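So the structure is just underneath, and the comments pick up after that.
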Amino acid sequence: PGPNIALSEDFADDYTLTVYNGENYDEVLENVRRIIEIGKIFKRLPGLNCGRCGYDCWRLAEKVYSGESVECVVLKEKKDLEVYINGKSFPLNSFVRRLLKKLLIAFLRELKGYEGGSITIRLEDRNKVIYEER
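Its first residue numbered 485, the sequence shown is counted upward by one per residue in our numbering.
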């Protein structure tokens with residue numbers, strides 16, 4: 485679900501910003517602008533909806549837009565492991581990040597010449613699996 489402008493009370497829900505009644509055009513237009521601005525903030529958030537800040541990512545974006553001082557815990561955490569897929573940052577929650585880091589380091593420690601420090605791994609997934617129902 486996301487923010488919406490309902491055309492009647494029958495379609496209104498918790499995310500409804502306003503109900504268009506045929507006369508409140510300016511209010512509807514202002515809410516469209518608001519949705520666009522909140523969407524810009526939302527795009528900068530990880531999209532995990534983990535709730536660690538107390539909100540899902542859309543509600544957090546609304547709070548930031550309204551001027552409240554709320555921070556995304558995931559973005560604030562130390563980035564000791566980052567994953568990019570096709571050049572796009574792929575956010576990991578803290579449990580998955582810690583687990584993946586420990587697994588990679590445990591594996592690499594067994595390799596001759598491993599000395600620790602900064603590690604770069606490049607992975608190409610050329611095996612595109614296509615599911616065929618039989």
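In this text, a Cβ means the ideal position worked out from N, Cα and C, and glycines have one as well. Bear in mind that the values here come from a model prediction, so they are computed numbers and not experimental data.
Let me know the secondary structure DSSP gives Val512 once reduced to three states.
Reduced to three states, the DSSP call for Val512 is helix.
What first and last residue would you give for the beta strand (DSSP E) that runs through Ile489?
That run of the beta strand (DSSP E) goes 488-490.
Does the Cβ-Cβ distance between Asn577 and Val558 come in under 8 Å?
Yes, Cβ-Cβ distance for Asn577 and Val558 is below 8 Å.
Tell me whether Ile520 is buried or exposed, calling it buried when 16 or more other Cβ atoms sit within 10 Å of its Cβ.
Classification for Ile520: exposed.
Taking the runs of the beta strand (DSSP E) that are 3 residues or longer, which of them lie wholly in the segment 543-573?
Taking only runs of at least 3 residues, the beta strand (DSSP E) segments lying wholly in the segment 543-573 are 567-569.
Would you check if there are 3 or more beta carbon pairs closer than 8 Å linking the segment 520-533 to the segment 567-587?
Verdict: yes, contact present.
Relative to the C-alpha of Asn499, which residue among Glu507, Asp540, Asn508 is closest?
The sequence given here has Tyr at residue 499, not Asn. Ranking Glu507, Asp540, Asn508 by Cα distance to Tyr499 puts Asp540 first.
Can you check DSSP and say which residues form a bridge with Thr500?
Looking at the DSSP assignment, Thr500 forms a beta bridge with Asn488.
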